[in-house]
Amino acid sequence: MLLNKIRVVGKVLPREIKEKSLTKELLVYFSLLVINPNEVQTVLRCHANGKTALTLQAEVSDEEIIEVRGYLRNEKEGRQIIIQVVDFSKLSGVPDKAINQVRLLGRIINNCEVVSREKDVFSFKIEVPTKENPLNTFFCRIQGELFFEVIDK
1 MLLNKIRVVG KVLPREIKEK SLTKELLVYF SLLVINPNEV QTVLRCHANG
51 KTALTLQAEV SDEEIIEVRG YLRNEKEGRQ IIIQVVDFSK LSGVPDKAIN
101 QVRLLGRIIN NCEVVSREKD VFSFKIEVPT KENPLNTFFC RIQGELFFEV
151 IDK
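In structure tokens form, the structure reads like this:
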């Protein structure tokens with residue numbers, strides 16, 4: 001069971017295809033241009049391997065709109081978060097309903113701080129352990145309509 005599931009819809013930007021030297025497994029890295037709930041464009045890095053990478057390489061071209069399902073992981077080097085793609089589907093356009101939200105199940109590990117009550121911004125760190133990395137930490141920032149719901153809890 002994936003505890004840090006993510007489902008995002010966006011436009012595929014140019015892909016980078018690599019072959020792992022040890023296992024000869026195909027790796028596909030790509031960026032996904034998504035629109036967040038505040039209607040701002042954001043670029044998210046994605047990674048697919050194995051059968052998913054083969055299917056992605058064969059069926060998806062740059063500039064296509066796709067829905068990616070997978071989980072978040074921290075980049076091995078650097079501080080970037082990467083979406084590990086488990087599955088995807090092609091779409092004809094971006095749906096109107098609420099999209100591009102993530103669900104993280106974990107433990108808040110720092111003192112939560114309200115950055116600005118006027119701007120409704122709340123920041124914290126959450127630990128989402130996995131089999132490979134028991135100390136998987138993400139920095140979170142909540143703003144907008146979720147702010148008051150989280151503060152009340």
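With full-length UniProt numbering applied, the sequence shown corresponds to residues 1 to 153, in that order.
Note that beta-carbon positions come from the ideal geometry of N, C-alpha and C, so glycine has one too.
Look at residue 41 here: in three-state DSSP terms it is strand. Within the same chain, 127 come within 6 angstroms of residue 107 by CB-CB distance, once the 5 residues on both sides are set aside.
The criterion of a C-beta distance shorter than 8 angstroms is satisfied by residue 85 and residue 48. The C-beta distance from residue 62 to residue 13 rounds to 7 angstroms, short enough to meet the 8 angstroms contact threshold. Taking C-alpha positions only, residue 90 is separated from residue 140 by approximately 29 angstroms. Residue 70 and residue 30 have their C-alpha atoms some 14 angstroms from each other. In the DSSP assignment, residue 57 falls within the alpha helix (DSSP H) that extends over 50-59. Inter-residue distance for residue 35 and residue 11 is about 10 angstroms (C-alpha atoms, whole angstroms). The alpha-carbon of residue 129 is positioned some 26 angstroms away from that of residue 51. In this chain, the beta strand (DSSP E) harbouring residue 26 covers 26-35.
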